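In mature numbering (1 follows the signal peptide of the UniProt record, and there is no 0), the protein residues as written are -24 to -1, 1 to 598.
Right, dumping it as structure tokens:
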């Protein structure tokens, strides 16, 4: 399973020391002096046209419930849309953008759920966010991140001026926004609480220069100071209790994230001389988790929670491996017998190699010593035969054994929680079980996957987390015989259909990519010979979709020429935003398989396994 780290560095680079402004000044961490903060950050009042104000009020009237009183509410989990509305003063469609976007991830299931902000010619904008719980995130318009706290079932209005929609260069918070609606106060409180940004380089320097326990002490000293600063600020201001919880959780999460990052940064640093010692950091380093509020559902509200959860589930204590015996499968027929049965001519050397694998006592010392290299050569030489053999005799056993392996990993991880970390089962750990569910069951059939989940969820105590797992598994294993799903009607599907209509009647391997994405570029280069091999195939085509800001024209044109990309589409940011929402992705590369009718056959195709998966995809798409 890949670690989802696409947002990690960006979040880490902007982790915050929460030091509130005091009369326009900010405490300086390095010398304990007050640093002048004179930069204008607040917005000038925006006059909203009467008809737009009436539209906003009509949207507010659609709210059926009051916001939750606090984050312990029984209504905290709620799969109801939140609605963002607003107005951009001075906007006109000739400015070159008609959309914005809100990226949010359901951190329980690890699903990307971006929502397009539709901007109307009169400056109104609106978006429906498919929420599951309250969340503090950003609405992005014209590359500007507008802070937004929103709850399921609530409507929040943001009012900005077009001349203020300029990216903030110093990573500070965009503040030139007015809020309206039932969540106005908490949004204003979160907006107006100022803090300094920690320099990532300074944090990395501390990690590389301090021993583990000293760095830990430093982080907890900063945490204590930040909590005291927050408490002092709250005492002197009318401050929403929910806003206070969000900021307090950010302080806790920021500390934990830095501590989780410690071994990763320390180990990869070339300047660190004792890599072996760092790589075997004692698990007692993680005892800070005993004091962490792992059962507090309010953690989910923070934009830092996803990074924390990701680092938690892939942290050093959980890097346990089962005995190799559990991975072993014994096909009823070995590769040598299969090749003989198929009358494939095998050289004496290759036959000796296979005998060495299946009967090492008969192998010469030279063959044994060179086995690894020779096995690679053998697989290349008999690639087609090996693939057919694996498909018939090996993969059915591997697939049948996959849940046994998943169960053993789960047992070991449960043991780590209790016996290594000294923790009770908790919400944060329960969420890891749901996030791993799709991967754990990816090789199983529906019945076995459901049985596996029934056993996994026995330890989970939060009903909503269980329900999210149920929904996720039903998406992976739909009850209908066909797994393809029809794209919903609307503008996004119209944009996509315009791209794929010339290829109807063929299966399409769709690659969302950009020239500025290193993994995207690497995968396309790696696939060049495979694309050549299947050029002109009557059954399928490769399609490549990018957007203009992430793939500047000069570099894009050269790259698609070098890589011989025949079906590449470079869309406007607005059109690409709609496709992000349609296919529910934030990070790229992202791959989909579209069937001959234009329906989605595979969501999240593993392109690196293209040749291995091709036959089954073509069979599935008939």
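Quick reminder that beta carbons are idealized off the backbone N, C-alpha and C, glycines included. This structure is a prediction, so every number in the text was calculated from the model and none was measured.
Check: Three-state secondary structure assigned by DSSP to residue 78; Outcome: strand
Check: Contacting residues, own chain, Cβ-Cβ under 7 Å from residue 114 (five flanking each side not counted); Outcome: 121, 122, 123 and 124
Check: Of the listed residues 393, 394, 396 and 449, nearest to residue 415 (C-alpha basis); Outcome: 449
Check: Other residues of its chain near residue 150: CB distance less than 8 Å, five sequence neighbours each side excluded; Outcome: 120, 121, 122, 123 and 144
Check: Pair within 8 Å by beta-carbon distance, residue 270 and residue 236; Outcome: no
Check: Nearest candidate by alpha-carbon position, reference residue 434, set 402, 463, 464 and 92; Outcome: 402
Check: Contact between the segment 563 to 577 and the segment 473 to 486 (3+ Cβ pairs under 8 Å); Outcome: yes
Check: Three-way DSSP call (helix, strand, coil) for residue -4 in this model; Outcome: Annotation note: pLDDT 38 at residue -4 (below 50); position unreliable, no value reported.
Check: Start-to-end residues for the beta strand (DSSP E) that takes in residue 103; Outcome: 100 to 105
Check: Cut-off 7 Å between Cβ atoms - residues of its own chain near residue 608, not counting five sequence neighbours on either side; Outcome: Residue 608 falls outside the range modelled here, since the chain spans only -24 to 598, and no answer is possible.
Check: Alpha carbon of residue 64 to alpha carbon of residue 74, nearest angstrom; Outcome: 11 Å
Check: Length of the line joining the Cα atoms of residue 593 and residue 356; Outcome: 23 Å
Check: Range covered by the alpha helix (DSSP H) that runs through residue 123; Outcome: Premise fails: residue 123 lies in the beta strand (DSSP E), 120 to 126, not in any alpha helix (DSSP H).
Check: Residue 518 and residue 487 closer than 8 Å at C-beta; Outcome: yes
Check: Span separating the alpha-carbon of residue 43 from that of residue 452; Outcome: 33 Å
Check: Buried or exposed by the 16-neighbour rule on C-beta atoms within 10 Å, applied to residue 532; Outcome: buried
Check: Residues bridged to residue 134 (per DSSP); Outcome: 62 and 155
Check: Simplified DSSP assignment, three categories, for residue 571; Outcome: coil
Check: C-beta contact flag for residue 107 and residue 90 at 8 Å; Outcome: no
Check: Cβ neighbour criterion (16 or more within 10 Å) applied to residue 6; Outcome: Residue placement at residue 6 is poorly supported in this model, since its pLDDT is 38, which falls under 50; the coordinates still yield a value, given next. Residue 6 comes out exposed.
Check: Contact the segment 154 to 173 vs the segment 32 to 43: 3+ CB pairs below 8 Å; Outcome: yes
Check: Meets three-Cβ-pair contact criterion under 8 Å: the segment 386 to 393 and the segment 358 to 371; Outcome: no
Check: Buried versus exposed, by CB contacts within 10 Å (16 or more), residue 556; Outcome: buried
Check: Beta-carbon contacts of residue 384 that lie in its chain and below 6 Å, excluding the five residues immediately before and after; Outcome: 298 and 302
Check: Assigned secondary structure, residue 578 (DSSP; H/G/I helix, E/B strand, else coil); Outcome: strand
Check: Alpha-carbon spacing of residue 354 relative to residue 370, whole angstroms; Outcome: 17 Å
Check: Coil, strand or helix - residue 497 by DSSP; Outcome: helix
Check: Simplified DSSP state of residue 170, which is helix, strand or coil; Outcome: coil
Check: Residue 114 in three-state terms, based on DSSP; Outcome: strand
Check: Beta strand (DSSP E) segment containing residue 471, residue limits; Outcome: Counting along the chain, residue 471 falls outside any beta strand (DSSP E), though it belongs to the alpha helix (DSSP H) covering 467 to 476.
Check: Residue 566 in three-state terms, based on DSSP; Outcome: strand
Check: Residue -2 versus residue 205: straight-line alpha-carbon distance, rounded; Outcome: Confidence in residue -2 is poor, its pLDDT being 36 and thus under 50, which makes the residue's placement too unreliable to answer from.
Check: Cβ-based neighbour list, residue 294, same chain, cut-off 7 Å, excluding 5 preceding and 5 following; Outcome: 389 and 392
Check: Given 8 Å, three or more beta-carbon pairs between the segment 576 to 591 and the segment 546 to 554; Outcome: no
Check: Buried or exposed by the 16-neighbour rule on C-beta atoms within 10 Å, applied to residue 591; Outcome: exposed
Check: Separation of residue 562 from residue 461, as counted between CA atoms; Outcome: 20 Å
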